[in-house]
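Structure first, commentary second.
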Amino acid sequence: MKAGVLSKIGDILGDFINWARSNSIFVLHYCTGCGAVEISPTLTSRYDMTRFGIQPVATPRQADVLLITGYLSLKTLKRVIWAYEQMSAPKYVVGFGSCTINGGHYWDSYATINLLDLYLPVDLYIAGCMPRPEAIIEGFEVLKKKIKSGEPGGWIDYERRKDWYKANQRRLFGDKI
Amino acid sequence: MASGLVRVALAFLVLSFALLALYRNICWVSIVPAAFGAAIVFSLSSPLLLFVGWEIVSWTIFFSIILRGSSGGTESVPVVASRKNVVYLYVSFAALSAVFMLMWIFLSHFSYKSPYFYLAVVASVIKGAIIPFHLWLVPVYSSMDLSFTAFNSAVLSKLGLIVILLPLYLGADYSGVRNAVESFGLEVNFIRIFILLSSFTALYAAYRAVLTEDLVELLSYSSLSQVGYIFAGAFLSLSSGKDVASMALNGTMLHALNHALVKIPFFMLAYFVERKYGTTSLSETGGLYKKSPVLFFLVLPLAISLAGVPPAGGFVSKWLLYTSMLRAGYYVSFFLLGVAGVLSFLYVYRFLHSLFFERLKKDSLKEDDFLELKWHFLPTGVASVMTLIVGVKPSLVTNLLSSAIPEPLSLNVEAHLPTGSIAFAFLLLVIFSAFLWKISADHRYVPDTDNYTSAAVRLDQNPEISYDFSYGFYMPLKRPFRWLCYLNPEKLYDVLWEYLRDGLSYLRTLASGRFTDYIFYISIFAFVMLFVGKVFNTPCFLMIRKIFSFVGGG
Amino acid sequence: MSVLYLLYAFVVGAFLVGFGMKISARVKRKYGPPVYQPLMDVIKLLSKRSISHGLVQDLGVWMALAGSALLVLAIPVSPFPFINLDLIAFVYVSAIASLGVALGTAQVANPYASIGMARALMLMLGYEVPVLLTVVFFYFSLGTATLADLATLQKEGWFLFKYPLLSAGYYLALLAEMGKPPFDVVTAPSEIASGPMVEYGGKYLGFLVIYAFFHTFVSTALFAVLFLGGGTWWEVLLKQLVLYFSVVVVASSFPRFVSEKAVVYQWIVPSLFVILNFVVVAS
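Chains as they are written, first to last, in the numbering used here: chain A, 4 to 180; chain B, 4 to 557; chain C, 341 to 623.
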């Protein structure tokens, strides 16, 4: 009986914490590709992302969400992986734009990657080239629902299948990762 | 007379550090005669004996500058030559203070109470390195063996303090401090100038300490700044009514104690750094926290005390000095001291950051080089504990210092400043924060090569890249005052010297050999004499006559 | 009772910061986050894992939180117990919290953090000058600078109206003390990656956010006690709200001063106001 009450309190507390987490999302203001041009209007007066609790921060140590905006060249991917590993759990990756889904219109380039999910565990894709601020906000609403439900994010997958991810990364960079 | 329990404890600290340097060199040779001389001065037995002790100390410092480096260090000729300049500098200032002391002793016929006490005050001010006599302090501290500098800055810089406070110790009348002081022939207006000068010394020295790039210079300017505080408090306790004087005197004594407690371990640490790292430049030292975290936590209360932050002792003494200065009405001096206090926080942070936490690039130092750091633990620990006691329960310490603070001027500090409740509340809150930290989500420790910017240069694979901010730490503070650098007080002394050397050569041009020029000069002289005859009875002329008569007749 | 005071200060600080974000957004014609957003941030941060560079960073964060909570306990708000300090002691007690942040920053071997801390300390040098002159003025004209005495001395008239120039000078110093634009060179978001907080994540950042709540409460309450008459807790709360509203509106309208210019500005302009105040009162 007592264990039941305690676990119920634990559940309520867990739900409350998940609700708080979903309402306060710190996005790393790291503009990797040309999709970044849509972040600024979403953040500022016209579309105002902050009323949903989404705020930009400057360093990966403080961030929850890593926003991969657009195409990822190999150079940038190396740094993005370091930034991702410097973030602390729970962390989410949002792939933004069609370049992260299937390469977009750089699909046959020698310098960019075609599928982000091979190298980093992506939690959400927002399709478009590039997605308008309304689409971004809708995408973040889906992410918020996911966080609120307490579903484990891609970071657990990264920890569990680290070798697989590292193997993919090593295929790109050799051993200099 | 002022050698209470506290001075004994200080001597213990110093001697335990002297043991460190025993195997090394002349530290023993310098400390013992200097301590002897200081003890003679502090015993305040007779003016001539005071002068003897004064001079023993001066000569010990003089010899220690010369004899430094005879331990087998290979020093280049320019270094030895520059040390000679420091010796001349020190000898000139020491001689100046000795001249004033001698004038006082002979003019007052070997007794303490006479109208010429102001000469002794001037001598102490020169010895205590108040502006404009501050030039000798920093070069002398940097050229001496740093273990002796520890003793010098902790104890010997306070010699002048005792002489200034003579009216309080030997004046018979405590019903009003002012009566005691005036029976010694000192006027309050004369003292006001010295309060202002001491406060300005505190500010100037703190400013130089903030901007310097050298560890020993930082500590020496910090010493000068705290000595400015102490002298300001001492002069203040001479010049005001009884309640302000008691606060000021307690503040002065506590500050002298705190300063000694802080500077001895810090200079010994600088001695260690100089020997092991080979350099004392702030941008090249670092990494001491990793070598011994215990030392950092022992040094932390001392650093907090130097900055004047509660709950360490420096806060209590600085607060007493500030409040007494405000209550006595010396607002400009308070302002100068206050800004100096804020500046001390700046340079203390720089000291901690550069010495303990910067990443050491060329880690060519061997592990056993740092084994002797363990010898520093006990004395530093004793000093930290004493500082914390002063900060939390100052009344314990003021009771111990009762031989330095005459009975009518004693003060219950805790009636004015709730140090105990501050410390207690702070401790509880720290425990609560630690508890909150523990129950929050967990954390992992990462090495300091893994920071947000380091990934770009792969600091974990190339640790010898210099990637920290350590040079020019407070550079923006230099820029507003760049125009002041053109006013260099050292240059003033150079100009004065040149004028004295060359100025008199102008007189040679007067000897032109022509008879008419000589008639002209004699007539000008006669006219001036006539004019002087007209002002024969002014006070200015009478004073000139008085000076001539002492020099002539005694 | 002190625990209640700290909880009260926490909640008031959180809502002040929340109101501040909302007002600053409305000034820029945005909607802004909900007013309980800072509480959400704190809960999220405390439940997030983090990294630490060593024991000194942990200790620094504890000292920062403890120091700012200690400051809360020193402000005389009527039904709560307080430590009886005067303004000089208050300034030095506020240095404990700065020291805590400084220690945490020292252990973090990131050059951005060191630059941020150097700027923070220089800015502290800047705004302490008008604060010291304010202390001098209080001793000169009133003979005391104890916070409780100053609060009771304002029964016949607030110092805001009796000494308007002094209040104006202290208001400018308050902007610098709270780190609001145009004096936000310390965190400088797009310049040095949030300055001293660059390596703080998870619960460390949470602690710094709580420190920010207490700091906001303390700065506004201090101004309320010194110049707006102090009083019981709801009077102080109203005054804090109005004061913080004005601070946020002013802060939203200005770009940032360079660190050197911020320091020199703080030395000249607020000090001039206080000195003019001296001249006016003495004549």
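Where is the CB? At the ideal position from N, CA and C, for every residue including glycine.
- Taking 8 angstroms as the upper bound for CB-CB distance, A/GLY156 and A/GLY100 are not in contact here, some 20 angstroms apart.
- Taking the C-beta atoms as reference points, C/PHE557 is found no nearer than 8 angstroms to C/LEU425.
- With respect to chain A, the C-beta atom of B/TYR448 has no partner C-beta closer than 8 angstroms.
- In this structure the segment 23 to 32 of chain A lies against the segment 64 to 78 of chain A, because at least three pairs of beta carbons, one per stretch, are closer than 8 angstroms.
- Here DSSP, grouped into helix, strand and coil, assigns A/SER76 to strand.
- Considered as a whole, the segment 369 to 419 of chain B harbours 380 to 395, 397 to 403 as its complete alpha helix (DSSP H) runs of no fewer than 4 residues, in chain order.
- In this structure, C/VAL576 lies away from C/ALA552, with their beta-carbon atoms at least 8 angstroms apart.
- Interface residue (Cβ-Cβ distance to chain A less than 8 angstroms): C/ILE608 is not classified as such.
- For B/ILE527, the secondary structure class from DSSP, reduced to helix, strand or coil, is helix.
- Here C/GLY509 is near C/VAL614, since their CB atoms are less than 8 angstroms apart.
- Residues of chain B whose Cβ lies closer than 9 angstroms to the Cβ of C/LYS388 are, in chain order, SER443, ALA444.
- Looking from the CA of C/SER454, the closest CA among B/ASP471, B/ASP505, B/VAL531 belongs to B/ASP471.
- Around the beta carbon of B/ASP148, 16 or more other beta carbons sit within 10 angstroms, so the residue counts as buried.
- Cβ-Cβ distances below 6 angstroms link B/PHE359 to LEU291, TYR292, PHE299 in the same chain, with the five nearest sequence neighbours on each side left out; the list follows chain order.
- For a Cβ distance threshold of 7 angstroms, residue set ILE383, SER387 of chain C lies close to A/ILE20, ordered along the chain.
- Counting along the chain, the unbroken alpha helix (DSSP H) around B/ILE129 starts and ends at 120 to 130.
- By the rule that beta-carbons nearer than 8 angstroms mark a contact, B/ASN454 touches chain C.
- Cβ contact annotation for C/LEU545 (same chain, cutoff 6 angstroms, sequence separation greater than five): LEU385, in chain order.
- Taking the beta carbon of A/ASN105 as reference, no residue of chain C falls within 8 angstroms; the closest one sits roughly 32 angstroms away.
- At a Cβ-Cβ threshold of 8 angstroms, A/THR53 and C/ALA458 do not count as neighbours.
- In the displayed model, A/PHE99 falls within a strand according to three-state DSSP.
- Within the segment 477 to 501 of chain C, the complete alpha helix (DSSP H) runs of at least 4 residues fall at 487 to 492.
- B/GLY289 and B/LEU363 have their C-alpha atoms some 5 angstroms from each other.
- Residues of the segment 56 to 69 of chain A whose Cβ lies closer than 8 angstroms to any Cβ of chain B, in chain order: THR62, PRO63, ARG64.
- In this structure, the CA atom of C/ALA446 is about 21 angstroms from the CA atom of B/PRO314.
- C/LYS388 and B/ILE442 have their C-alpha atoms roughly 12 angstroms apart.
- Counting only the Cα atoms, B/PHE523 lies some 41 angstroms from B/LEU122.
- Taking the CA atoms as reference points, C/SER611 sits about 12 angstroms from C/VAL603.
- Cβ-Cβ distances below 7 angstroms link B/ARG211 to TYR224 in the same chain, with the five nearest sequence neighbours on each side left out; the list follows chain order.
- Think of a sphere of 8 angstroms around the beta carbon of C/ARG369: the chain A residues whose beta carbon falls inside it are SER48, in chain order.
- CA-CA distance, B/ASP217 to B/LEU285, rounds to 5 angstroms.
- The Cβ atoms of B/PRO479 and B/THR383 do not sit closer than 8 angstroms to each other.
- Counting only Cβ-Cβ distances below 8 angstroms, B/ILE307 has contacts in chain C at LEU439, in chain order.
- Within the same chain, and ignoring the five residues on either side of B/TYR325 in sequence, the residues whose Cβ sits closer than 7 angstroms to its Cβ are PHE337, LEU340, GLY341.
- In the three-state scheme derived from DSSP, where H, G and I count as helix and E and B as strand, C/PRO416 is classed as coil.
- Counting along the chain, no alpha helix (DSSP H) covers A/HIS108, and no H or E run does either.
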